[in-house]
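Have a look at the structure below, then the notes.
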Amino acid sequence: MLLVFGVACAGVLVEAFLPRERRYVVQAALAVAGLVAALVGTAFVAADLPDLGNGAAHGLIAAEGTIVVDGPTVFFWGLILLFATGGVLLFAERRLEGGVSAFAGQAAALPGTEAERQASTQGLDHTEVYPLLMFAVGGMLLFPAANDLITMFVALEVLSLPLYLLCGLARRRRLLSQEAALKYFLLGAFSSGFFLYGAALVYGFAGSMQLSDINEAVRNDTDNSALLLIGMGMLAVGLLFKVGAAPFHAWTPDVYQGAPTAVTGFMAACTKVAAFGAMLRLFYVAFGSDRWSWQPMLWIIAILTMVVGAVLAVVQTDVKRMLAYSSVAHTGFLLTGVLGVQSAADLADGQVTSLQAVLFYLTTYGFAMIGAFAVVTLVRDSGGEATQFARWAGIGRRSPLLGGLFAFFLLSMAGIPLTAGFVGKWAVFTVALSAGAWPVVISAVLCSIVAVFFYVRVIVLMFFVEGEGELAAVAKPSLLTSGTILVGVAATLVLGVVPGPVLTLAAHAGEFIR
Numbered sequence: 004m005l006l007v008f009g010v011a012c013a014g015v016l017v018e019a020f021l022p023r024e025r026r027y028v029v030q031a032a033l034a035v036a037g038l039v040a041a042l043v044g045t046a047f048v049a050a051d052l053p054d055l056g057n058g059a060a061h062g063l064i065a066a067e068g069t070i071v072v073d074g075p076t077v078f079f080w081g082l083i084l085l086f087a088t089g090g091v092l093l094f095a096e097r098r099l100e101g102g103v104s105a106f107a108g109q110a111a112a113l114p115g116t117e118a119e120r121q122a123s124t125q126g127l128d129h130t131e132v133y134p135l136l137m138f139a140v141g142g143m144l145l146f147p148a149a150n151d152l153i154t155m156f157v158a159l160e161v162l163s164l165p166l167y168l169l170c171g172l173a174r175r176r177r178l179l180s181q182e183a184a185l186k187y188f189l190l191g192a193f194s195s196g197f198f199l200y201g202a203a204l205v206y207g208f209a210g211s212m213q214l215s216d217i218n219e220a221v222r223n224d225t226d227n228s229a230l231l232l233i234g235m236g237m238l239a240v241g242l243l244f245k246v247g248a249a250p251f252h253a254w255t256p257d258v259y260q261g262a263p264t265a266v267t268g269f270m271a272a273c274t275k276v277a278a279f280g281a282m283l284r285l286f287y288v289a290f291g292s293d294r295w296s297w298q299p300m301l302w303i304i305a306i307l308t309m310v311v312g313a314v315l316a317v318v319q320t321d322v323k324r325m326l327a328y329s330s331v332a333h334t335g336f337l338l339t340g341v342l343g344v345q346s347a348a349d350l351a352d353g354q355v356t357s358l359q360a361v362l363f364y365l366t367t368y369g370f371a372m373i374g375a376f377a378v379v380t381l382v383r384d385s386g387g388e389a390t391q392f393a394r395w396a397g398i399g400r401r402s403p404l405l406g407g408l409f410a411f412f413l414l415s416m417a418g419i420p421l422t423a424g425f426v427g428k429w430a431v432f433t434v435a436l437s438a439g440a441w442p443v444v445i446s447a448v449l450c451s452i453v454a455v456f457f458y459v460r461v462i463v464l465m466f467f468v469e470g471e472g473e474l475a476a477v478a479k480p481s482l483l484t485s486g487t488i489l490v491g492v493a494a495t496l497v498l499g500v501v502p503g504p505v506l507t508l509a510a511h512a513g514e515f516i517r
């Protein structure tokens, strides 16, 4: 975490002191080097964690009790850094836009003005996006590691504020991009207010912000239960907003569509991992003793989220909006895994735990999402990226490789066997079923069937429909985007065929510590 924040600060200094023409290479190299170094450091930290409770958990509590570095935390860190590296590579792609990035040349210039035209003519480029991304990654690393509600709130803001800015920096369709950023900012600020007020109410109940102290108060104190339930619900609103769960999902399609596609891919993968990490820690550690209060709420939210995501994805005519509603549906599937928590005594030998299932699903989901959005950046027409379904007609015939790669990502999201998505769905459905949440699992299976329809519809459109009018073409990317796509495809295939090592790694992460 210190390394990522240090690189972010170094990026700010690069912006201040380096000539404009040299910033791009330095910033991109600095960001990639910082993320890779942090990933290596995470591996060393994971190998050095002390065992607790006869090996049931590994880790330690640091920074005056505000941060927990345990097995699940390190797993989340690894995922975030891995997906963020892919995000930086997409940020650094310049071949698709004729030598400039997908970000606005001068964000302060109003769309359509002479100042914007001059910035475009001069080939200006915003390299501030790299330190912004690094600050967001730093917040994402802190979010699942937070051991008290104040630290969790600070992490929430640190990861959110750079994303609000990044969403409004698209080079093309800038008004749509700025609208997305404004919606995300206003709704995000509103949800942060809910989280903060919920933290105040829980503090009023427990007399402490520490998650372990809150757990003790929940276990021993039967008074003021109304204060606890209202506070718990408000904290849940803030976290459910970040993961895009219904009915707090309204920002998702607009932001995914309006933001630069590189930002959308980075955000779709990394924010989901960080927010689910924080949600798991909050509900399993702080409120684990009162799971009979929050599990029914998550039952309803999970079913509603899956239904909204699957049904509304069917009627979309834009690829990015379809993937956004698909992301909402996947949030419902992940919540199905979260509510499958049971005591260790209830689990049979070799049975997957809810934490293990969610960790594996997040791994499969992140690779498929960042790969799919990387493919979307390559489909273009005279106006830039072409995301309307009508423009995608027959693109699998014109470019079989791209069509095949995108179809593979869609089949994984649909949960087709021999893809990573199938194993992920099997894992979360199994833990929910063993916890008695069979109505949620039945809803999840039905929504998965609906999801297969809208994924396969795109595949049919790409390979079996003759297009009319102006159709999109496939741009040739540099190695940055190509490498990101290939890693996503390879990981999705390997995790589908040989899921054992990652499931074992998730099992070795152990439990959360208090």
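Per the working numbering, residue 4 is the first one in the sequence shown, and the count goes up by one each step. All C-beta atoms, glycine included, are put in the ideal place defined by N, C-alpha and C. Remember, it's a predicted structure, so these values are computed and weren't measured experimentally.
Ranked by Cα distance from residue 123, the first of 141, 443, 103 is 103.
Under DSSP, residue 383 forms a beta bridge with 388, 476. The Cβ-Cβ distance between residue 237 and residue 201 falls below 7 Å. Ranking 129, 63, 458, 269 by CA distance to the CA of residue 148 puts 63 first. The alpha-carbon separation between residue 10 and residue 132 amounts to approximately 13 Å.
Nearest Cα to residue 219 within the set 101, 404, 292: 292.
In this chain, the beta strand (DSSP E) harbouring residue 63 covers 60 to 65. Looking at the DSSP output, residue 55 sits in a beta bridge with 60.
A residue is called buried once 16 or more other Cβ atoms fall within 10 Å of its Cβ, and residue 267 is buried on that count.
As summarised for the segment 231 to 262, the continuous alpha helix (DSSP H) elements at least 4 residues long and confined to that stretch are 254 to 261, given in chain order. Boundaries cannot be given for residue 501, as no alpha helix (DSSP H) includes it and DSSP labels it neither H nor E. Residue 359 sits in a helix when the DSSP states are folded into three classes.
Here DSSP, grouped into helix, strand and coil, assigns residue 173 to strand. Excluding the 5 residues flanking it on each side, residue 161 has same chain C-beta neighbours closer than 8 Å at 138, 139, 141, 142, 145, in chain order. Taking a C-beta distance under 7 Å as the contact criterion, residue 301 and residue 338 qualify as a contact pair.
Under the three-state reduction of DSSP, residue 198 is assigned to helix.
Where residue 17 is concerned, the enclosing alpha helix (DSSP H) starts and stops at 5 to 20. Taking the Cα of residue 189 as reference, the smallest distance to any Cα among 177, 452, 170, 498 is reached at 170. Across the structure, residue 396 and residue 475 are spaced so that their CA atoms are roughly 8 Å apart. By the criterion of at least three beta-carbon pairs nearer than 8 Å, the segment 308 to 317 is not in contact with the segment 435 to 442. With fewer than 16 other CB atoms across the displayed protein chains lying within 10 angstroms of its CB, residue 196 is exposed. Here residue 334 is buried: its Cβ has 16 or more other Cβ atoms, across all protein chains shown, within 10 Å. For residue 132, there is no enclosing beta strand (DSSP E); the enclosing alpha helix (DSSP H) has its first and last residue at 132 to 148. Residue 110 and residue 263 have their C-alpha atoms roughly 13 Å apart. Where residue 83 is concerned, the enclosing alpha helix (DSSP H) starts and stops at 74 to 94. Using a C-beta cut-off of 8 Å, the segment 169 to 183 makes contact with the segment 377 to 393, since at least three inter-stretch Cβ pairs fall below that distance.
In this structure, residue 488 sits near residue 377, with a CB-CB distance shorter than 7 Å.
For the 7 Å CB-CB criterion, residue 192 and residue 359 do not form a contact.
Judged by DSSP secondary structure, residue 333 falls within the alpha helix (DSSP H) whose first and last residues are 322 to 341. A residue is called buried once 16 or more other Cβ atoms fall within 10 Å of its Cβ, and residue 473, having fewer, is exposed. Nearest C-alpha to residue 372 among 332, 342, 343: 332. When C-alpha distances from residue 409 are compared across 323, 67, 86, 239, the shortest belongs to 323. Boundaries of the alpha helix (DSSP H) around residue 281: 264 to 284. Spanning the alpha carbons of residue 83 and residue 117 requires a straight line of approximately 40 Å. Contact holds between the segment 21 to 34 and the segment 81 to 95, because three or more Cβ pairs, one in each stretch, are under 8 Å apart. Look at the segment 408 to 440 and you find these whole runs of alpha helix (DSSP H), each 4 residues long or longer: 423 to 437.
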